[in-house]
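> For reference, the structure I am asking about is given below.
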Amino acid sequence: NAGVTQTPKFQVLKTGQSMTLQCAQDMNHNSMYWYRQDPGMGLRLIYYSASEGTTDKGEVPNGYNVSRLNKREFSLRLESAAPSQTSVYFCASSLSGSVSATNEKLFFGSGTQLSVL
Amino acid sequence: QKEVEQNSGPLSVPEGAIASLNCTYSDRVSQSFFWYRQYSGKSPELIMSIYSNGDKEDGRFTAQLNKASQYVSLLIRDSQPSDSATYLCAVNVDSNYQLIWGAGTKLIIKP
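The listed protein sequences derive, respectively, from chains A and B.
Residues 5 to 121 in the working numbering are what the first sequence lists, from first letter to last.
Residues -9 to 101 in the working numbering are what the second sequence lists, from first letter to last.
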């Protein structure tokens, strides 16, 4: 049981280049999320998908787009990378998505270290 | 701006002692509170969740919630070197799908 799988693990881009981060989960979870983690700051939500076919902006969506390809897969695209997007990106999933639900838990992928030069 | 505040540490605790981690939050209507542990270079993993005022115990871990004072804490009893990690506090905001995260407290357990 792989859980949440993210690719790639590391990526270096030049300013203006584009790329897509891939994420897949095999736990039949309904909700999926993309976070970024910067030193000295908490995890910040970029986009989330409460269920297949829906996506919504999180706290820091500017410069990113997402696609919920099917129930398993949720990708994050940087159309024109900027140095401010240098960060560690985490994909996560949860069964129902409602953080108010008792025992709701986020399962995280292993992360992508992205550097934009 | 809804915020979650944590002391960044590092908090150094001798092996076998109690480690106490604290978190304060600004949103009075928050209902769900979580503690995640993150080892260096790894992804976060859930340690505890708490929804009601008072204490919740799970093995060596106890979460404490005080909504009136807007703080949540995590106690780790009989601390082990393997508990050395960064502990992230997360609190829900008005959306059911969004959490606000603290920057984390780095805990070091000294043998």
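We put the CB at the ideal spot given by N, CA and C, even for glycine.
Check the Cβ of B/S104 against every Cβ in chain A and list those closer than 7 Å, keeping chain order.
Chain B is shown only over -9 to 101; residue 104 of chain B falls outside these bounds and no answer can be derived.
> Below 7 Å between beta carbons is the criterion; list the residues of the segment 54 to 79 of chain A that meet it against any residue of chain B, in chain order.
Of all residues in the segment 54 to 79 of chain A, A54, G62 have a Cβ within less than 7 Å of some Cβ in chain B.
> Tell me whether A/L47 is buried or exposed, calling it buried when 16 or more other Cβ atoms sit within 10 Å of its Cβ.
Its Cβ being crowded by 16 or more others within 10 Å, A/L47 is buried.
> Do three or more CB pairs link the segment 81 to 91 of chain A to the segment 28 to 37 of chain A at distances below 8 Å?
Judged by Cβ distances under 8 Å, the segment 81 to 91 of chain A makes no contact with the segment 28 to 37 of chain A, as fewer than three pairs qualify.
> Between B/S69 and B/I99, which are expected to be in contact by the criterion C-beta below 8 Å, what is the C-beta distance as a whole number of angstroms?
Sure, about 5 Å apart at Cβ, within 8 Å.
> Tell me, please, whether the CB atom of A/L118 is closer than 9 Å to any CB atom in chain B?
Not one chain B Cβ lies under 9 Å of A/L118.
> Compute the Euclidean distance between the alpha carbons of A/Y51 and B/K96, then round it to the nearest angstrom.
Distance between the alpha carbons of A/Y51 and B/K96 is about 27 Å.
> So which residues of chain B does A/K13 contact, with C-beta pairs closer than 7 Å?
Those within 7 Å of A/K13 in chain B number zero; the least Cβ separation is about 11 Å.
> Between the beta-carbon of A/S119 and the beta-carbon of A/V16, is there less than 9 Å?
A contact, by the Cβ cut-off of 9 Å.
> Just to confirm, are A/T24 and A/L82 a CB contact at a threshold of 9 Å?
Taking 9 Å as the Cβ cut-off, A/T24 and A/L82 qualify as a contacting pair.
> So does A/S102 have its beta carbon nearer than 8 Å to some heavy atom of the ligand ZN?
Absent from the structure shown: the ligand ZN. Ligands present: none.
> Which residues, taken in chain order from the segment 32 to 50 of chain A, show a beta carbon closer than 7 Å to some beta carbon of chain B?
For the segment 32 to 50 of chain A, which is checked against every Cβ of chain B, the residues closer than 7 Å are S35, G44, M45, G46, L47, L49.
> Are the C-beta of A/E130 and some C-beta of chain B separated by less than 9 Å?
With chain A running from 5 to 121 in the structure shown, residue 130 of chain A is simply not present.
> State the DSSP-derived secondary structure class of A/Q10, mapped to helix, strand or coil.
Here A/Q10 sits in strand by DSSP.
> DSSP on A/D60, reduced to helix/strand/coil?
DSSP places A/D60 in strand when its eight states are reduced to three.
> Flag this pair as yes or no: are the beta carbons of A/Y37 and A/S55 separated by less than 9 Å?
The answer is no: Cβ separation not under 9 Å.
> Between B/Y26, B/G92, B/I90, B/R67, which lies nearest to B/G49 when the distance is taken from Cα to Cα?
Selected option, being the one with the closest Cα: B/R67.
> For my contact list, B/G94 and B/T76 are in at a C-beta cut-off of 8 Å; report their separation, rounded to the angstrom.
With 8 Å as the limit, B/G94 and B/T76 qualify as a contact, their Cβ atoms being about 4 Å apart.
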